[in-house]
Amino acid sequence: MLENAVTGQDLAVGLLLADLTRGRVGQAYLFHGPAGTGKTAAAAAFASDLLCLSPERGQACGRCPSCHAVAEGSHPDLAVVTPDGQSFKIDQVREVLRQVSLRPALGSRKVFVLDQADKLTAEAANALLKSLEDPPPGTIFVLTSSNREALPPTVLSRCLQIPFRPVATAAVAALVEKETGLGEVEARYCAVLAGGSPGRALALAKDPEMGALRVKAEELAGLAPGFSAAEAIGAGDELEKLYGKDRQRLEAFLDMMEYAVAGRLRRAADDHEPIESWLSSLSRFEKAKSGLRRNVAVRLCLDFLFLGLSGEQQ
Ligand SMILES: [Zn+2]
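Mapping the sequence shown onto the numbering used here, position 268 (from 1) lands on 269, and the numbers just tick up by one.
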């Protein structure tokens, strides 16, 4: 059911619901927008709405044989096709065309979802064109893409364009905090990693990987201050490898680490231990993160942080 499948995509959902409730559905749709904004989830929900045998206000009833078949992943009139490796192979498209030529088995519609449609090779796209343009009655294509510019113009021009927008990180983080009881920093971390997708952020919050990253951040925080130079360089290497190409994620990881360092600072203060080195560690985080935001080389920011934490460099 489309309305429950995605959050924060009012425009996309509104456009599709209008088509569903009017019963005037297009032959081909393109769901486009950044990765992680719910395009695939929306495509699956839209397909089940289209195929439902007794829709309520245009959307799936959840009870008819069609809805049950969709839920079990065994609907004969629904095909979800994803690229085989780097691209769609011509044989995959031929199989789609073969299925297009068959009559619907359950109702009056057949739905073909092509996920990451920008990965159609020119040959595959060409083979598909005629069906996109003039499909048999009741046939509906739903293409998704986070890289619309890579689609051939001939394919683009045959699809109704449905835009998916990034959901604000803060809104997603607040949702994660509320639903999972995670702390503010961890919730933000999940939101950033999920690229604005509430569903993925929630899944991540429940993912053991999340716990592993937190352990990693705490482990690194535990070494600071008092890293050896070798440990500092090793930590920089590791983070550069993990997040070197994604400053936002790196910053989110540093947030988690900083949070752990702040925790150590509090404990040191409670125990009347010296806190100066913890305080200077904290200021290093702020400067390293500000460097990341100003596009300073990732490695420089990491070395500044970790060598600083090691006390090797003032
Ligand atoms: Zn139904």
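Cβ atoms here follow ideal geometry from the backbone N, Cα and C, with glycine treated the same way.
- Between ligand 1 and alanine 45, a heavy atom-to-CB distance of less than 7 angstroms is absent.
- Counting every other CB atom within 10 Å of its CB across the protein chains shown gives leucine 214 a total of 16 or more, marking it as buried.
- Sequence-distant Cβ neighbours of glycine 74 in its own chain, meaning closer than 8 angstroms and more than five residues away, do not exist here.
- Exclusion of alanine 6 from the 7 angstroms shell around ligand 1 follows from its C-beta lying no nearer than that to any non-hydrogen atom of the ligand.
- Around ligand 1, the residues whose beta-carbon falls short of 7 angstroms from at least one of its heavy atoms are Cys53, Leu54, Ser55, Pro56, Ala61, Cys62, Gly63, Arg64, Cys65, Ser67, Cys68, given in chain order.
- Looking at the DSSP output, lysine 111 shares a beta bridge with Thr140.
- Nearest to proline 199 by alpha-carbon distance, out of Val7, Arg268, Leu308, is Val7.
- The Cβ atoms of arginine 201 and histidine 33 lie no closer than 8 angstroms to each other.
- Here threonine 145 carries a strand assignment [DSSP, helix/strand/coil].
- In terms of CA proximity to glycine 24, Gln60 leads the group Asn5, Glu4, Gln60.
- Pairing valine 101 with arginine 58, the inter-Cα distance amounts to about 27 angstroms.
- For phenylalanine 89, there is no enclosing beta strand (DSSP E), as DSSP marks it with neither H nor E.
- Of the candidates Lys242, Phe254, Ala206, the residue whose Cα lies closest to the Cα of alanine 222 is Phe254.
- Residue Leu115 holds the alpha-carbon nearest to the alpha-carbon of leucine 133 among Leu115, Lys290, Asp20.
- Every beta strand (DSSP E) of 3 residues or more that sits fully in the region 142-217 is shown, in chain order, as 161-164.
- Phenylalanine 228 carries a coil assignment under DSSP once its states are collapsed to helix, strand and coil.
- In the DSSP assignment, leucine 79 falls within the beta strand (DSSP E) that extends over 79-82.
- In the same chain as alanine 233, and ignoring 5 residues on each side of it, the C-beta atoms closer than 6 angstroms to its own belong to Phe307, Leu308, Ser311, in chain order.
- Under DSSP, tyrosine 30 shares a beta bridge with Val143, Leu161.
- Nearest Cα to asparagine 5 within the set Arg285, Arg110, Ser49: Ser49.
- Excluding five sequence positions before and after glutamate 124, the CB atoms of its chain that fall closer than 8 angstroms to its own CB belong to Ile91, given in chain order.
- Taking C-alpha positions only, phenylalanine 142 is separated from glutamate 287 by approximately 48 angstroms.
- DSSP, read as helix, strand or coil, puts leucine 121 in strand.
- Sequence-distant partners of valine 262 (beyond 5 residues in either direction) whose C-beta falls short of 8 angstroms from its own C-beta, in its chain, are Ala222, Ala225, Trp279, Ser282, Leu283, Phe286.
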